[in-house]
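Following: one structure in structure tokens, then a few remarks.
Residue numbers (our numbering), protein chains in the order written: chain A, 260 to 687; chain B, 746 to 981.
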């Protein structure tokens, strides 16, 4: 019999789509990882996880299926720590099993947190990972680490704000923004097997990338986004398609930077800068300029609030709320197929410079942020930097590496030294 | 420290090929035993196959089993023997073979299912022939050769698509030609079955049209200039 005394939580607005659109072979996942300077002690990590889970509700949650909506239930304990694998970010859960929406994986010096997007977004996951790592370092090396830079204090009680659906708190509902957009170009190629994923990570100097971005007068996110658009545009040109489609990149905007929320759940929205290749061939400088102006115009509280209200209005409609979950799932799947990955060529999420307390810094080598495979297998990019190391990871479900190659060789051409790591194991 | 000569990026010392362009990495100074740890372990996680397909197949089987039991019972109660219910049983059995085995297959589903369906259809036709008109052997003279032609033609095209790099237009040409041959074969068999001579009447225009059309597709697929010219004039 189900334990009715366990605390339960509604899914946040952004999370609701993920359990509905997952398939037998795919779910929307990503992972953040920290590489320490010494080999990870698994026993200490297990203890650190238990301690952190006592404080962080997110680490104890299980996803359950209700009659109208999915919901989280506090299971009281965290997951088991497991060994890392060559093909991370595998599908989460079944329709009926109550699997936890995250995994902790260990490989040599690396602790990885794999997350089903239903639980949290990149920033939330990074804060959870930083809190776990801080506890691990304090247990392993006896260092007292202050609860700053997103690390939660294990001595404090969890605040309601950590588990709030911040979308609802900040929506004004004065206007809503339509989702209508043209379909974007999709790079096509030989599909990998459903359980497999190709990850190519470029490690480079964060300072050097900053300098190159500054030379264009834009931020690192804008520069990388423009470079991605440039790479996809070249691929589309080479593929000689009859009708060229817009090349657009979906860029998540961390709303915590706009609204003062401390939520550890999803709190990001997407804007889609891009180019229309039918207008002519764009140079990199032109794309950088376009992306810069697009981001400046759309990354504003008023515009984002209108998008946020559109998303929330769908959820809050009484008719939709009283529709049984299995019907909602069909509708949400159809909506995802129309508006989800269809509209854009790829996604780029930049966690930016990951900051940790000075006491932790000397134990950490780098942070990585990697997307799981997208439903259509299209290449996507996630980036995080720590110290002078910027790690840009391409995840893809396609064998051919044309876009990745164009992207990284373009970086090399701008004078940035790039070291490539991958999970591909091409021998012989 | 190794670099890809093609991409200009630095590679992990354990890489034997560039992950971006697959160019082999040849660095005589790198000692295999001292190379860096690979960034990921070699073990893969396999997708946990959900049992839902098996459960659905089981449910469908149960649902189909109910009329298979009820029909002969009703038939026996009303008529005192088994007559019309045999058709129902055979039809449901054929339906089961067409639906359930493809759900349990993992690879080459189309080809495997086609062959399973082929044998099921042959058994179905054979039994219907034996039950309804045992004095007229239409199974051997009509059903068997026509069904065999379809399955062999399907297998041939499927193998060509899967294992060769034949151009799509050539495949289309082949399919059109096979349709023409099928129509011709069907007419000859029907004529022989009804006691006429093996001459072509209504299938003649079909085989001529199909052969001509397949030749046109074949020529277009071979001549790049013609293909480009057609594309230019016919573009939408």
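Note that CB positions come from ideal geometry on N, CA and C, so glycine has one too.
{"Item": "Any C-beta of chain A within less than 9 Å: which residues of the segment 804 to 834 of chain B qualify?", "Value": "none"}
{"Item": "Between the segment 514 to 522 of chain A and the segment 540 to 557 of chain A, are three or more C-beta pairs nearer than 8 Å?", "Value": "no"}
{"Item": "When the Cα atoms are used, what is the spatial distance from residue 630(A) to residue 439(A)?", "Value": "26 Å"}
{"Item": "Run through chain A and tell me which residues come within less than 8 Å of residue 789(B), C-beta to C-beta.", "Value": "344, 345, 346, 454, 455"}
{"Item": "Give the secondary structure of residue 332(A) by DSSP, where H, G and I count as helix, E and B as strand, and everything else as coil.", "Value": "strand"}
{"Item": "Per DSSP, which one or two residues make a beta bridge with residue 606(A)?", "Value": "509(A)"}
{"Item": "With 8 Å as the limit, tell me which residues of the segment 905 to 917 of chain B have their beta carbon closer than that to any beta carbon of chain A; keep them in chain order.", "Value": "none"}
{"Item": "Would you list, in chain order, the members of the segment 763 to 774 of chain B that have their beta-carbon closer than 7 Å to a beta-carbon of chain A?", "Value": "764, 765, 766, 767"}
{"Item": "Can you give me the C-alpha to C-alpha distance between residue 355(A) and residue 347(A), rounded to a whole angstrom?", "Value": "Below a pLDDT of 50, predicted positions are generally treated as unreliable, and residue 355(A), at 48, falls in that range; the measurement from the model is reported next regardless. Taking the straight line joining both Cα atoms gives about 23 Å."}
{"Item": "Can you check the segment 924 to 973 of chain B for any alpha helix (DSSP H) of at least 4 residues that lies completely inside it and give the ranges in chain order?", "Value": "948 to 967"}
{"Item": "Under a CB-based cut-off of 8 Å, is residue 944(B) close to chain A?", "Value": "no"}
{"Item": "Using a Cβ cut-off of 9 Å, pull out every chain B residue sitting near residue 679(A), in sequence order please.", "Value": "749, 752, 754, 755, 756, 757, 760, 763, 764, 765"}
{"Item": "Could you tell me which uninterrupted alpha helix (DSSP H) segments, each at least 4 residues in length, are contained entirely in the segment 560 to 635 of chain A, listed from first to last along the chain?", "Value": "560 to 575, 577 to 580, 584 to 598, 617 to 620"}
{"Item": "Relative to the C-alpha of residue 584(A), which candidate in 326(A), 319(A), 294(A), 500(A) has its C-alpha closest?", "Value": "326(A)"}
{"Item": "Between residue 294(A) and residue 337(A), what straight-line distance do the alpha-carbon atoms span, to the nearest angstrom?", "Value": "21 Å"}
{"Item": "Measure from the C-beta of residue 782(B) to each C-beta in chain A and report whether the shortest distance is under 8 Å.", "Value": "yes"}
{"Item": "Determine the burial state of residue 472(A): buried for a count of at least 16 other Cβ atoms within 10 Å of its Cβ, exposed for fewer.", "Value": "buried"}
{"Item": "At a Cβ threshold of 8 Å, is residue 375(A) touching chain B?", "Value": "no"}
{"Item": "Kindly indicate which residue of 339(A), 656(A), 603(A) has the alpha-carbon position closest to the one of residue 511(A).", "Value": "603(A)"}
{"Item": "Please list the partners that residue 786(B) has in chain A, where partner means a Cβ-to-Cβ separation under 8 Å.", "Value": "342, 343, 344, 345, 366"}
{"Item": "Between the alpha carbons of residue 868(B) and residue 589(A), how many angstroms are there, rounded?", "Value": "39 Å"}
{"Item": "Output needed for residue 506(A): all residues of its chain with C-beta closer than 7 Å, excluding positions within five of it in sequence on either side, in chain order.", "Value": "443, 444, 488, 491, 492, 495, 533, 534, 536, 604"}
{"Item": "Taking residue 659(A) and residue 633(A) to be in contact with their CB atoms under 8 Å, please state how far apart those CB atoms are, rounded to whole angstroms.", "Value": "Residue 659(A) to residue 633(A), Cβ: 15 Å. No contact."}
{"Item": "Please state whether DSSP places residue 407(A) in a helix, a strand or coil.", "Value": "coil"}
{"Item": "Look up residue 267(A) in the DSSP assignment and give the residues it is bridged to.", "Value": "332(A)"}
{"Item": "Can you look up residue 383(A) in the DSSP assignment and give me helix, strand or coil?", "Value": "helix"}
{"Item": "Does DSSP put residue 376(A) in a helix, a strand or coil?", "Value": "coil"}
{"Item": "Buried or exposed for residue 623(A), going by 16 or more other Cβ atoms inside 10 Å?", "Value": "buried"}
{"Item": "Nearest CA to the CA of residue 563(A): which residue from 360(A), 551(A), 430(A), 594(A)?", "Value": "430(A)"}
{"Item": "Tell me whether residue 763(B) sits in a helix, a strand or coil according to DSSP, three-state version.", "Value": "coil"}
{"Item": "With a threshold of 6 Å on Cβ separation, who are the neighbours of residue 313(A) within its own chain once the five nearest residues in sequence on each side are excluded?", "Value": "none"}
{"Item": "Work out the CA separation of residue 917(B) and residue 905(B) for me, nearest whole Å.", "Value": "12 Å"}
{"Item": "For residue 887(B) and residue 813(B), what's the separation of their Cα atoms in angstroms?", "Value": "28 Å"}
{"Item": "Check residue 356(A) in the structure and name its three-state DSSP category.", "Value": "For residue 356(A), the pLDDT reaches just 49, beneath the cut-off of 50, and the residue's location in the model is therefore unreliable, leaving the point undetermined."}
{"Item": "Going along the segment 658 to 674 of chain A in order, which residues come within less than 7 Å of chain B, judged by CB to CB distance?", "Value": "660, 663, 664, 667, 668, 671"}
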